[in-house]
Each structure stands twice: as structure tokens, then as C-alpha cells.
Amino acid sequence: MSGHSKWSTIKHKKGIADAKKGVLFTKLSREITVAAKSGDSDPELNFRLRLAIDNAKSQNMPKDNIERAVAKGSGGGAGGDNFEEITYEGIGPGGIGIIIQTLTDNKNRSAATVRSTITRAGGTFASTGAVSWNFEQKGQIVLNISEGDPEMIALESIDQGAEDFDVFDNTVEITCAFSDLSNIQKQISENQSVTVEKAELALVPNSTVSLDENQSSQTLKLLDDLEDLDDVQKVFTNADFNEEALSSYAEK
1194 MSGHSKWSTI
1204 KHKKGIADAK
1214 KGVLFTKLSR
1224 EITVAAKSGD
1234 SDPELNFRLR
1244 LAIDNAKSQN
1254 MPKDNIERAV
1264 AKGSGGGAGG
1274 DNFEEITYEG
1284 IGPGGIGIII
1294 QTLTDNKNRS
1304 AATVRSTITR
1314 AGGTFASTGA
1324 VSWNFEQKGQ
1334 IVLNISEGDP
1344 EMIALESIDQ
1354 GAEDFDVFDN
1364 TVEITCAFSD
1374 LSNIQKQISE
1384 NQSVTVEKAE
1394 LALVPNSTVS
1404 LDENQSSQTL
1414 KLLDDLEDLD
1424 DVQKVFTNAD
1434 FNEEALSSYA
1444 EK
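According to the numbering used here, the stretch in the sequence shown is residues 1194 to 1445, in order.
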């Protein structure tokens, strides 16, 4: 497993164990609300909303919170914040690219906080397209395998239309065309020994940049700092992290 893929898997596991659930639930609610507002309030007819709800459930978000977020987005709930989807780009340690996706009701605030976080770490706030040219939108599915051989289950996903996979212990990360995400997720869910922990649209780099241990540690902290910002929903990078730095990061 590459240092880039391993970071993605470790980040997911750390997210499940994250004690700051209040902040996490706020971000999940915001995504559900925007998804419901952008399409049908029925998740069976709105794939983005279904992904947002499934992700919230995997993070043990209470059912009432989910229902309130859907109602708010469909016009049936209290509140009416108008969130904009804004994407920022940056250059980090070692020249790696970073893409930051936000949902914000104040774009001046979000731009300022993202910019200051990147520059404080020695990076550069970049113009649109400076980084994103190297990324493609894909579907990604994270599986937890309770029984059987994770490698074999991952290989089965290729037969179902997946493009690539990575295995880390009993966790499998599958990458597919975003148009195939719903169908592959449905097929995988039929396997009783598999738990779909996350299914989402992601930005996957076409090429990565290898970092040494010090650069990796700096970048991992920067990415965590960005994800801790209130307006930030997702962060993507093309960094290929050093193994020792990843091991230390996983233990924190």
C-alpha cells in the first residue's frame, strides 16, 4: 500500500475514533442540508444525499440530527443559512498539492482561515487550477472485512467494476469511476462479511510526490489543521508519505 493510500485509511480510522464529535456532526449536518437542498429530499432519488446520510450513520450521528438536517435542506426545518461550496488550492511542504473543499456562509472568512493555515505551515495559497489539474473525481468505498480474505474480497470488486484497491489489515479502500459508485456499493453491501464504512466522491491524484519523514510530519499536521477548520468539509492531497511518519501519526 502506498503512503498516500495508507494515509487515507489511517485518517478514516482516526475519524471514527475522533472525540470531537460535536464538530464532526456539525459538518455532517451541513453536508446533508446542502445535499437535500440541491436535489430531492428522498435519498433514494438523490445520490449525494444518500451518501451524506450513510456517512453520517457510519459516524454514529443520531437519527434525529440526520432528520433535522434533511428537513432544513428541504425547507421544512428551522434555520436558513445559505452555504456556498467553495474549493481552495494550496502548495504544501515538498511541493505537494492540496485541495480544500468547504461549505461556508462567509467566503471571506473561509478564504482567510484556509490561507492563514497554509501559510503558517510554510505553504502557499494557490490559484484555481494550480493543483486540481492533477486530480480526477472518483468514487471511493472503505470496507471493513469481518470474515474472509480482504485481498480476495477486494479482487471481487474489480469484477464488479472497480478500477483499483488497497488493502490495509482488515480494511479495503476501493476506487472506481464516480458514475459506478452507487452500483458497486450496492453489490458489495450484499456480502454479509463486509461493512461499508464510507462511500464518497473523492479527488484522486494522477501522480504523487514522495516526502521525507520531516516533510511528511509537517504535512500531516497541516492537513489535520485544515480539516479542523469549521468551514472545511474535505481535504485531498497528492502527498506520498514516509512510512515512519505515518506510523507515528497513526499512534497519536
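Beta carbons are placed, not taken as given, at the ideal position from N, Cα and C, and that holds for glycine.
Looking at the secondary structure, which residues open and close the alpha helix (DSSP H) in which residue i lies?
i: Q1412; result: Going by the sequence as given, residue 1412 is Thr instead of Gln. Residues 1406-1420.
i: V1307; result: 1300-1313
i: L1394; result: No alpha helix (DSSP H) contains L1394, which is instead part of the beta strand (DSSP E) from 1387-1398.
i: F1142; result: With the chain running from 1194 to 1445 in the structure shown, residue 1142 is simply not present.
i: Q1380; result: 1374-1382
i: I1346; result: 1343-1352
i: G1266; result: 1256-1266
Return the CA-CA distance between residue i and residue j, expressed in angstroms with no decimal places.
i: V1227; j: S1375; result: 19 Å
i: G1316; j: D1257; result: 40 Å
i: S1320; j: K1427; result: 18 Å
i: D1233; j: S1372; result: 18 Å
i: N1454; j: M1254; result: For the chain, the structure presents residues 1194 to 1445; residue 1454 sits outside this window and is missing.
i: S1382; j: I1292; result: 30 Å
i: I1351; j: S1267; result: 37 Å
i: A1323; j: G1287; result: 15 Å
i: V1216; j: D1357; result: 32 Å
i: A1392; j: L1244; result: 6 Å
i: E1444; j: T1430; result: 21 Å
i: F1328; j: D1433; result: 14 Å
i: N1384; j: N1337; result: 11 Å
i: Q1294; j: K1204; result: 16 Å
i: I1311; j: E1224; result: 24 Å
i: D1235; j: K1379; result: 17 Å
i: G1290; j: V1307; result: 14 Å
i: P1343; j: N1299; result: 44 Å
i: L1238; j: S1231; result: 12 Å
i: S1325; j: L1394; result: 15 Å
i: N1301; j: L1348; result: 46 Å
i: E1340; j: S1309; result: 45 Å
i: E1260; j: N1435; result: 42 Å
i: G1332; j: I1279; result: 20 Å
i: A1212; j: S1403; result: In this prediction, A1212 has a pLDDT of 48, which is less than 50 and means its spatial position is unreliable; nothing more can be read from the coordinates.
i: V1263; j: Y1281; result: 26 Å
i: I1284; j: S1222; result: 29 Å
I'd like to know whether the C-beta atoms of residue i and residue j end up nearer to each other than 9 Å.
i: K1265; j: A1229; result: yes
i: D1247; j: V1387; result: no
i: T1483; j: H1197; result: Limits of the chain in this structure are 1194 at one end and 1445 at the other, which puts residue 1483 out of reach.
i: C1369; j: I1346; result: no
i: D1417; j: K1199; result: no
i: L1439; j: L1419; result: no
i: I1377; j: Q1411; result: no
i: F1276; j: L1296; result: yes
i: E1366; j: T1202; result: yes
i: V1425; j: K1220; result: yes
Give me the DSSP bridge partner(s) of residue i.
i: N1170; result: This structure does not reach residue 1170, given that the chain is present from 1194 up to 1445, and the question cannot be answered.
What first and last residue would you give for the beta strand (DSSP E) that runs through residue i?
i: V1324; result: Unbroken run through V1324: none, as it is neither H nor E.
i: E1282; result: 1277-1284
Using a Cβ-based criterion (distance less than 8 Å to any ligand heavy atom), does residue i qualify as near the ligand GDP?
i: Q1333; result: Ligands displayed in this structure: none; no statement on the ligand GDP is therefore possible.
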